[in-house]
Structures are given as structure tokens and as C-alpha cells.
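The structure appears below as C-alpha cells.
Protein chains: 2
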Amino acid sequence: MEYRKIKGEDEDRGSGVDDVESLRGKSLSLQGTMLDNNLVTIGENKIDRTKWKRKSVVTLALTVLTSSQAILIVWSKRAGKYEYSVTTANFLVETLKCAISLAVLGRIWRTEGVTEDNRLTTTLDEVIVYPIPAALYLVKNLLQYYIFAYVDAPGYQILKNLNIISTGVLYRIILKKRLSEIQWAAFILLCAGCTTAQLNTNSDRVLQTPFQGWVMATVMALLSGFAGVYTEAIIKKRPSRNINVQNFWLYIFGMAFNAVAILIQDFDAVMNKGFFHGYSLITVLMILNHALSGIAVSMVMKYADNIVKVYSTSVAMLLTAVVSVFLFGFHLSLAFFLGTVVVSVAIYLHSAGKMQR
Amino acid sequence: MEYRKIKGEDEDRGSGVDDVESLRGKSLSLQGTMLDNNLVTIGENKIDRTKWKRKSVVTLALTVLTSSQAILIVWSKRAGKYEYSVTTANFLVETLKCAISLAVLGRIWRTEGVTEDNRLTTTLDEVIVYPIPAALYLVKNLLQYYIFAYVDAPGYQILKNLNIISTGVLYRIILKKRLSEIQWAAFILLCAGCTTAQLNTNSDRVLQTPFQGWVMATVMALLSGFAGVYTEAIIKKRPSRNINVQNFWLYIFGMAFNAVAILIQDFDAVMNKGFFHGYSLITVLMILNHALSGIAVSMVMKYADNIVKVYSTSVAMLLTAVVSVFLFGFHLSLAFFLGTVVVSVAIYLHSAGKMQR
Chain C
1 MEYRKIKGED EDRGSGVDDV ESLRGKSLSL QGTMLDNNLV TIGENKIDRT
51 KWKRKSVVTL ALTVLTSSQA ILIVWSKRAG KYEYSVTTAN FLVETLKCAI
101 SLAVLGRIWR TEGVTEDNRL TTTLDEVIVY PIPAALYLVK NLLQYYIFAY
151 VDAPGYQILK NLNIISTGVL YRIILKKRLS EIQWAAFILL CAGCTTAQLN
201 TNSDRVLQTP FQGWVMATVM ALLSGFAGVY TEAIIKKRPS RNINVQNFWL
251 YIFGMAFNAV AILIQDFDAV MNKGFFHGYS LITVLMILNH ALSGIAVSMV
301 MKYADNIVKV YSTSVAMLLT AVVSVFLFGF HLSLAFFLGT VVVSVAIYLH
351 SAGKMQR
Chain X
1 MEYRKIKGED EDRGSGVDDV ESLRGKSLSL QGTMLDNNLV TIGENKIDRT
51 KWKRKSVVTL ALTVLTSSQA ILIVWSKRAG KYEYSVTTAN FLVETLKCAI
101 SLAVLGRIWR TEGVTEDNRL TTTLDEVIVY PIPAALYLVK NLLQYYIFAY
151 VDAPGYQILK NLNIISTGVL YRIILKKRLS EIQWAAFILL CAGCTTAQLN
201 TNSDRVLQTP FQGWVMATVM ALLSGFAGVY TEAIIKKRPS RNINVQNFWL
251 YIFGMAFNAV AILIQDFDAV MNKGFFHGYS LITVLMILNH ALSGIAVSMV
301 MKYADNIVKV YSTSVAMLLT AVVSVFLFGF HLSLAFFLGT VVVSVAIYLH
351 SAGKMQR
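As you go down the protein sequences, you meet chains C and X in turn. Each residue of the first sequence is one higher than the last, beginning at 1 in UniProt numbering. Each residue of the second sequence is one higher than the last, beginning at 1 in UniProt numbering.
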């Protein structure tokens, strides 16, 4: 395992090339080549380890937050139906994320001062791309209402696993990053394993989905995958830019598009019953959780990538099921065990596949 | 794909070391080292290609025969219950295999003459091991009657997939052949994929199998795996010995042990109703098919190995289901599709894993 981890770090060095290069530049001005090489190696290892740690922490945070998010949803469903307007909750999630980003930025400004990388004002050229992910998610959420004419809710859960494949394909096409053949095999297994884990006695009904349903599911998977990959492209385009500045711009447009969604879908309810109608403790917890996991997604995009995000959320799905056994007395099926085995092997293969890339 | 195939052939050269070495020895007596190397390479490639073709043909034959065997079983079940004594049928299968081996040997003797490698008489030292696989299968078949006290028939089908794991483990321990990490991952996937493909609404009941049921299923998987690996060890021990001589000895003991089984289980039925009671056209076809697939198994052991056998029979299981859709109007489940995807990826990984062994 240790060997593999170190090999993995070697492979992850790609995005850190700038820093390593600058270190190498400095060391060249010193004397004694052997000593230099050692210094460079130690420097590289330290940077690699820091990066690896940061990547692990954000991935773990995303997994735990996504899993607890699903558990909160199960909990709220058991407590009764959604009585609040989902659009107002989404708007509050974006607002909270925006506020957190600004608060962190404020602290950074006080300790490090305002620099080129952490100032909020940027060129129109840079900001112009930030509304796109929020717009894509809005379209996807609107489509979601129509797909239920063709598929039932459990079927939709199954079809949502198409997101895994669409993310992998768009990651390759748009970000032009390569996955090894073994990693592609792992990705197909991840999709098959997640779907297997979710199988139940009614799952076969999804095979009767009419053609329009498949088209809509595919379009939704592509929209969702595209939004994720596009967000990564925006965030990675300027690696030195502080993530909180990037988040601020993402979330401010998120607020704007969710305000539009309130007007389209819940204007009457908000006008008649008030903005916070039907809110409970669990709603507040869900908003808090969504905001934190949203920030974790951004962090994963910055310090890891969409592939790691997909693995992380898949593991969260399995984790949710296991936790639900203890919390809600759920039973685990044989299909769940088999799906978990396949997902575990996929994770192993994803990391083993790095070596031969 | 072409690249992978050639790489695969490189790896398969292990068992052909003798031939390649003797070629190399001859070429050393020639003059001109560059020319020699070319000759050796061409010679190696030709031998590799012949081996690869032979391996492919026997594997394909085993897949098709195993699949049609399963289809005959479904057909005979739909036609009505088994009315014949299974032990007499098994005895006839062994007899037929023995007769076919002798007939082929007779032809070889006429064309090539009797040599050290194709003569039937051998030392006791060599023959002494041949009864063991037949004895193991007899014990396993007797145990089969008792496991149904703990597991129902569909549950037993699921548990039989433990054979895949036991074969892999015993193959490693007894034959001391190595599988790469990727190939182990592929083997776990093969087991998970086959089980997934067989899932149905009652499969979860297998999770309620009592401890004794699990123990018996494990013992049976170990017996079956051991018998397979042991057969491979016997056959591979003397690579130059003609396969039909080896088969003759395997099957003659198979006849003997199945005669014992008739005495234990069906003595009364045979005495009262006759040896061939309840035989029909389909019974004859099943006996013919079992005999040919038994010979195909031996061939796979000789020219490939137990791992190839397991992959071959797994693919046969999937093939059977697909053919049954057309023949019997079966419906394929979502679980079947997912299992097929996982098995397909496992096959790819098994071949891709060769490269890094």
C-alpha cells in the first residue's frame, strides 16, 4: 500500500510543475550537483505530500458531507413530506456559500493583505464564464420535473448513474486529461457497481423506460457532467487565484439563478405563505450541509478533479446505506454487497491504473 | 488489440520453454548471430501462434459446449422432470469419453506408431494419482444432496460462484502460478459479476443461509476447485504425454467411481426398472454433450489452465441466458446486464493484467 501511495504521488505531480520548476531554478544557482538533486527531491516530496494531504482532506470532507446529506434527506422524508419551497432553500444554500467565501476572504485580506490573487474585482473576461455552471444546473433542475412523466423515482435513481459515464467522457473531451485503459475500465465498473448496489425488486421497470425517457436522462446526465467539468475548467484555468474568490463568483451567480427559479416555480407560495414557510430544524441542517458540501465540491475541483468527485460521491452513497442500517434499521441486499465489492475493486483499479498511464 | 494479443502471446511462452530452448540450441550450431536471432524469433512466433490458436479453439469449444449443456438442462426441465437415473447417465458419459479417447488413440497409433508418449501402459507411479479427481467429484456430488437441507436451489446457484474464488486461490497455492494484482482484481470481479447476473427477487434469501450451509458450500467449492486444479497438475506434469492417454486414465477411474455411485444411490431403480429407464432423445443428447464438454475441459487444462476454464464457463453462463431469450422467451433483468458488463470488464482486465505481471 505504501508503495502504491508513493507511486500515486509521483503521478499527481503534473499540476505542481510550476512550483517544482521554480525550486529547480533556485537550486541551479547553488554549487554541488549531488547536493542540489537531493534538495530538489526533498522539496518535491514535501510539496507532493502537502498536495496529497490537501487532496485527501477535501475528498474525505466531500464523502462525509454527501453521505450525511443523503441521511438528512432520508430522515426528513421519514419525518413527513417536504413542506418548504425547495427553491428558497436552494437560494439560501447559495447565499450561505457566498457569505462563507466572503468571510474567509476577509480573514485572508487581514492576514496576507489584498493581492492580485485574492482581490475580488476581476476583468469581465474572467467573470463572464462563471454564470454558465449555475445556468446549466437550473436547466437540469427544470428538466427533472418532466422526466418523471416517463420514469418513476427509483428508476430515476438508477438512471442518474449515467452521470458517472457522462462525467468521464466530458472530462476526457473538454479537459483533455487522459485516463489509462485500466482507469476507464474502473470507471465503467464504478457505474455498474453503483447501479448494482441500488438494485431492488422494482429496478427492472427501468428497462421499460420509453425512448423519450432515455433521451431526457442522457441529456440530464450530459448537462450535469458538463456543469461539473466546466466548473473544474474555470477553477483550474487560473491555479494561483484564491479558491474563495472563484467560489464567490460561482455562488453569486448561483444566487441569481436560484432567485429566477423562485420566481418561476414558487412565486405564489412565497407570496402567500412567506419565504420561510415550512422550515424546520431539519431544513436548516440540510441547508447548512448543502452549503458545506457545495464548498467541498469546489475544493475537490480545485485540488483534485471531477473523477475524484465521482468516486467520492459513489462511496458516500454506499456509506449512506451502511449508516442507514444502524440509524433506520434498513436491510442490506445481496445486490448491495455485490455492488460494494465492484465499487471497491474499481477504486483499487483507479489507483493501480495510474502506474501504467 | 493486436498489440495486446502479441504481448499476451509473449507471456504465454512459459509452458513452451522446452521447445523454444531446443530451437535456440539448434540455431547456436549455425553461423551468423543476427541471422540466428531472426530465425529464433520467427520460430518462437510460429510456435506461439500455434499455441495461441489451439488454446483459443479449445476454450471456444468449452464455452459453446457448456452453454448448450445448460440449454439442454432447461429444455429437459421444461419437458418434464428427470425420469432417468442421473448416476447411470454419468456412468455413460464417462464410458463415452473413455471410448472417444481410445478411438482417437487408435488413429494416432496407426498414423504415428506407438511411442513413449502415446502408449497406454504406464508406471503405477504415474497412474496412482488419476483416481483422485474422480473421487473428489464423487464426494462433492454426494454432499450436494445434503446442502439442500440448508439452501434452496436458487440460493445454491448463487453459492456455487464461490467455486470461482476457490479455484483462483488453489491455483495459486497448489500450481504455484502467479496472477498479477490486476488479474486478482479481475477474478474477484468475475465472481461478483456472475453472481450479479444471476440475481433474482429471491436471491436475498441466500443471506439467511445458516452457518452449516456456508460451511458446506465452502467445502464443496474447495473440493470442486481442488479437483480442477489437481487435474491440471496431473495433466501438466508430463507435457509430452499425449492428452488422450491422460484422458483414458482419468475417465477409466471416472467410470469406476460412477459405478460405485450407481450402487449407492440408484441400485433399486436400475434393478427394478432397468439401466436405461426414462431415457429419451434429450437424455442421449445431454450425455453426448457432457462427454464432449468433459473432453473440452481436459483440453483446456492441457493447453490453457483452470483460470481460462473458469472464464470460459462464466461466459457460457451469460451466453445461455441470452440464447434462452430467443429459445424460451426468457426476460433479461437489469441485474443480468450489469453482471455482464462486470464480467466483460473482468475478461478485459485479465488480459490487460498480463502485461504488468
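Virtual Cβ for every residue (Gly too), placed ideally from N, Cα, C. Since we're looking at a predicted model, the values are computed, not measured.
Item	Value
Go ahead and pull the three-state DSSP assignment for G329(X).	coil
How about A153(X): is its C-beta nearer than 8 angstroms to some C-beta of chain C?	no
Around the C-beta of T33(C), are 16 or more other C-beta atoms found within 10 angstroms, so that it is buried, or is it exposed?	Residue placement at T33(C) cannot be trusted, given a pLDDT of 48 that sits under 50; what the coordinates show is reported in the next sentence. By the 10 Å Cβ count, T33(C) comes out exposed.
What are the residues in the segment 177–207 of chain X lying within 7 angstroms of chain C by C-beta distance?	E181, I182, A185, I188, L189, A192, T195, T196, L199, T201, S203, D204, V206 and L207
So is S293(X) in contact with chain C if we call contact Cβ pairs under 8 angstroms?	no
Between the C-alpha atoms of N247(X) and V219(C), what's the straight-line distance to the nearest angstrom?	58 angstroms
Please state whether DSSP places H350(C) in a helix, a strand or coil.	helix
I'd like the list of long-range same chain contacts for L199(X), defined as Cβ closer than 6 angstroms, with 5 residues on each side in sequence excluded.	A335
At a CB distance below 7 angstroms, what residues from the segment 341–354 of chain C approach chain X? Give them in sequence order.	V341, V342, V345, Y348, L349 and A352
From V342(X) to W184(C), what does the alpha carbon distance come to, in whole angstroms?	13 angstroms
Chain C partners of S333(X), CB-CB under 7 angstroms?	D204
Looking at the unbroken alpha helix (DSSP H) that takes in S166(C), where does it start and where does it end?	L162 to I174
Would DSSP call K51(C) helix, strand or coil?	helix
If you draw a straight line from the C-alpha of G155(C) to the C-alpha of S203(C), how long is it?	6 angstroms
Please state if the CB of M255(C) and the CB of I147(C) are separated by a distance shorter than 8 angstroms.	no
Along chain C, which residues have their Cβ under 7 angstroms away from the Cβ of L338(X)?	A192, T195 and T196
To which residues of the same chain is H350(C) closer than 6 angstroms at the C-beta, ignoring the five residues directly before and after it?	Q183 and A186
Starting from P133(C), trace the alpha helix (DSSP H) in both directions and tell me its first and last residue.	P131 to I147
Could you tell me whether the segment 135–152 of chain C touches the segment 292–299 of chain C, where touching means 3 or more Cβ pairs closer than 8 angstroms?	no
Specify whether the segment 229–242 of chain X and the segment 292–312 of chain X touch according to this definition: at least 3 beta carbon pairs, one from each stretch, less than 8 angstroms apart.	yes
Give a yes or no on whether the C-beta atoms belonging to T195(X) and I158(X) are separated by under 8 angstroms.	yes
Quick test of your reading: Y150(X) and G213(X), contact by CB under 8 angstroms. State the CB separation rounded to the nearest angstrom.	3 angstroms
Using the Cβ count rule (16 or more neighbours within 10 Å means buried), how would you classify M271(X)?	exposed
Would you report the Cα separation of S101(C) and V345(C), rounded to the nearest angstrom?	37 angstroms
Are the beta-carbon atoms belonging to M286(C) and A70(C) less than 8 angstroms from one another?	no
Assuming V104(C) and N244(C) make a contact with CB atoms under 8 angstroms, what is their CB distance in whole Å?	5 angstroms
Cβ atoms of T95(X) and D266(X): under 8 angstroms apart, would you say?	no
Could you round the C-beta distance between T340(X) and A197(X) to whole angstroms and report it? I think they count as a contact, below 8 angstroms.	6 angstroms
For A99(X), count neighbouring C-beta atoms within 10 Å of its own C-beta (all shown protein chains included) and say buried if the count is 16 or more, exposed if not.	exposed
Using DSSP with H/G/I as helix, E/B as strand and the rest coil, what is A304(C)?	coil
State the Cα-Cα distance for the pair R110(X) and V229(X), rounded to the nearest angstrom.	33 angstroms
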